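With the working numbering, letter number 144 in the sequence shown gets 176, and the count goes up by one each step, no holes.
Input: a single structure, listed below in structure tokens.
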Amino acid sequence: MLLSFSFSNFASFVEKTDLSLRLSTRDPVIGWDRYALTSQRASTVVAIVGANGAGKSSVLKAGSFLAWFIRESFAADPEAPLPFHPHMLHTKEPSRFELELVDDDGTQWFYNLVTTTTQVQQETLRKRPIQGNVRSVFARMWNSKAGAYVVSQPGVERRLPPSEAAKVRPNASFISVARQYGLDVASGLQGFRITSNLKTGDASSEWTALTEAADHFHQAPESMNRARKLLTQLDLGLSNVELVAMETTTTPSPKMGGSPQRPTYYPLGIHNSSTNTFHLPFAWESAGTRAAFVLLRHLLDALATGTPALIDEFDATLHPHMVEPILRLFDREETNPHGAQLVFTVQSPEVLSLLKPAQVLFVEKTECMSTAYRGDEIRGLKSNDNLYGKYMAGALGAVPHL
């Protein structure tokens with residue numbers, strides 16, 4: 033269960049910004065909450081609200097970057113800069129990231145990273161077993177005089193050899209490097225991943241988004257059946273969805289050092305009238321139906337695995353009536369048995385009528401600097417106040433200045 037992540041000097045954010053899913057036992061949310069094995073209560077949804085360009089998407093990008101860096105950064109080009117941008121006025125200063133989560137065994141993990149785009153300066157990991165105190169797993173500090181890292185591994189059972197630990201690449205996480213040696217230095221974090229639509233958010237990549245979703249559903253038939261059921265409920269004109277294999281070229285045969293390329297799939301919408309059945313490419317379906325198909329790829333993956341989903345522009349091209357039924361998937365035990373969590377940016381403030389202040393992060397930008405605050409941090413705002421009404425009246429901030 034994801035409890036929080038924070039960052040500073042990232043994109044348009046300078047000061048430390050915290051995206052917290054924690055809930056106290058007194059937070060009067062109505063749905064969308066779960067308890068970890070540690071008895072920590074957390075929300076299963078957080079909406080990020082603010083004007084265009086305020087920095088909403090950057091909050092998601094910080095979480096996405098952390099998940100990638102922890103697990104996958106070893107696969108990057110050894111000379112490549114890390115894929116993030118510090119604030120434009122602080123490019124020579126390091127950026128800071130923190131992550132806190134509880135794994136399936138009830139162990140609480142605390143990860144900290146201080147880095148520039150070219151050089152990790154500090155990376156530490158601590159953990160608290162379900163019955164025990166916080167203790168260090170590893171610490172990695174850059175020693176500029178020695179030109180190498182000083183690494184301690186007090187909480188690692190099978191340690192990376194000191195000579196190799198000192199030479200860990202400056203653009204890779206210690207965890208991802210240890211994986212290459214077959215070492216599990218952080219069981220609760222090595223499996224940490226997120227699912228997100230951030231890579232496919234613009235119209236030019238819609239074809240890619242649809243085919244990636246179709247390919248995913250082809251490999252996950254149970255999820256495809258759930259998506260088919262939901263789509264036919266949300267789109268009154270749709271009676272079924274099929275996946276068809278498109279013709280593809282093949283790579284050289286195995287004898288020549290290659291292998292056949294597996295087909296790419298594409299969705300077809302099935303429409304029935306009293307006399308005919310029509311098979312339509314999804315390019316001909318409504319923008320809302322296409323968006324729902326791509327969204328469900330990520331959301332059903334999250335629900336099936338308990339993976340956090342970071343979704344940008346959740347309501348873009350979705351009919352307003354689609355929003356609540358999709359959000360409800362993360363509320364009910366029968367549709368969310370693993371406690372998956374959804375963090376999403378949204379333009380339509382109507383979603384505020386469903387959530388409580390502790391489940392909303394408001395984002396503002398002033399003088400090219402973004403700030404964010406959770407609804408329950410707003411002085412004078414009560415949990416039973418009309419969140420939607422107050423936001424529309426401008427009482428909560430994070431609104432466009434027209």
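Every residue, glycine too, gets a C-beta built ideally from N, C-alpha and C.
Values in this document were obtained by computation on a predicted structure and should not be read as measured data.
Pair within 9 Å by beta-carbon distance, residue i and residue j
i    : j    : result
V91  : A372 : no
F394 : V61  : no
V46  : H117 : no
V375 : V78  : yes
A7   : P299 : Because the chain in this structure spans residues 33 to 434, residue 7 falls outside the shown range and cannot be described.
L263 : T321 : yes
I207 : L157 : yes
V392 : V355 : no
P202 : W174 : yes
A74  : V152 : no
M278 : S44  : no
M256 : V276 : no
F39  : L98  : yes
L266 : P186 : no
L114 : T148 : yes
Reference residue i; option with closest CA among the options
i    : options                : result
T240 : N368, E130, F325       : F325
S105 : K397, V200, F249, A315 : V200
S176 : A198, V378, D59        : A198
M424 : S402, C400, S380       : S380
F170 : T227, D216, E382, N304 : D216
T398 : H330, K422, G429, M33  : G429
L51  : Y213, K88, D59         : K88
S96  : R364, T148, L131, G426 : L131
D135 : S40, R225, S168, V209  : R225
L35  : A86, Y143, P186, L327  : Y143
L328 : A315, S318, F346       : F346
E189 : A427, V209, A218, A99  : A218
H250 : A210, L266, K261, Y297 : Y297
T227 : K261, T337, S318, E196 : T337
R58  : I302, Q72, K48         : Q72
N76  : S415, T243, M33, A83   : Checking the displayed sequence, the identity of residue 76 turns out to be Thr instead of Asn. Among S415, T243, M33, A83, the Cα nearest to that of T76 is on M33.
R191 : G179, Y213, T49, F314  : Y213
E396 : G421, G426, T149       : G426
K93  : T377, A83, L53         : T377
G85  : D344, L419, A180       : D344
A315 : N416, E365, T243, P295 : T243
H168 : T367, S184, I302, A178 : The question names His, but residue 168 is Ser in the sequence shown. The residue with the shortest Cα to Cα distance from S168 is S184.
T367 : E254, G164, S56        : E254
For residue j and residue i, believed in contact at Cβ under 8 Å, the rounded distance
i    : j    : result
F42  : S127 : 5 Å
W141 : G220 : 5 Å
V146 : Q154 : 4 Å
R258 : L312 : Actually they are not in contact, since the Cβ atoms of R258 and L312 sit about 21 Å apart, beyond 8 Å.
T139 : R160 : 7 Å
A341 : H330 : 5 Å
S271 : N229 : Not confirmed; about 26 Å, so no contact.
I102 : D137 : Going by Cβ atoms, the distance from I102 to D137 rounds to 18 Å, so no, they are not a contact pair.
Boundaries (first-last residue) of the alpha helix (DSSP H) holding residue i
i    : result
E104 : 88-104
G269 : Here G269 belongs to no alpha helix (DSSP H), and DSSP marks it neither H nor E.
Y423 : 419-424
E196 : 194-197
F206 : 206-212
T337 : 319-337
V355 : 352-360
Opening and closing residue of the beta strand (DSSP E) in which residue i lies
i    : result
D247 : That residue, D247, is in no beta strand (DSSP E); its alpha helix (DSSP H) goes 238-251.
G82  : 77-82
P299 : 296-304
V146 : 140-147
F376 : 374-378
R191 : Looking at the DSSP string, R191 is not in any beta strand (DSSP E), and its letter there is neither H nor E.
D135 : That residue, D135, is in no beta strand (DSSP E); it is neither H nor E in DSSP.
Q154 : 152-160
R172 : 167-175
V395 : 392-398
R406 : 401-406
V431 : Here V431 belongs to no beta strand (DSSP E), and DSSP marks it neither H nor E.
A180 : 180-184
A341 : 341-343
E310 : Looking at the sequence itself, residue 310 is Phe, so the reference to Glu does not match. Run containing F310: 309-313, per the beta strand (DSSP E) assignment.
D50  : 49-52
L34  : 34-40
D65  : 65-67
Contact with chain B by residue i, beta-carbon distance below 9 Å
i    : result
V383 : Here there is only one protein chain, and chain B is not present.
Per the contact definition of three or more C-beta pairs closer than 8 Å, is the stretch 63-70 in contact with the stretch 361-376? They touch, by the three-pair rule.
Any contact of the stretch 409-419 with the stretch 108-119, i.e. 3+ C-beta pairs under 8 Å? no
Taking contact to mean at least 3 C-beta pairs separated by less than 8 Å, is the stretch 386-393 in contact with the stretch 345-353? no
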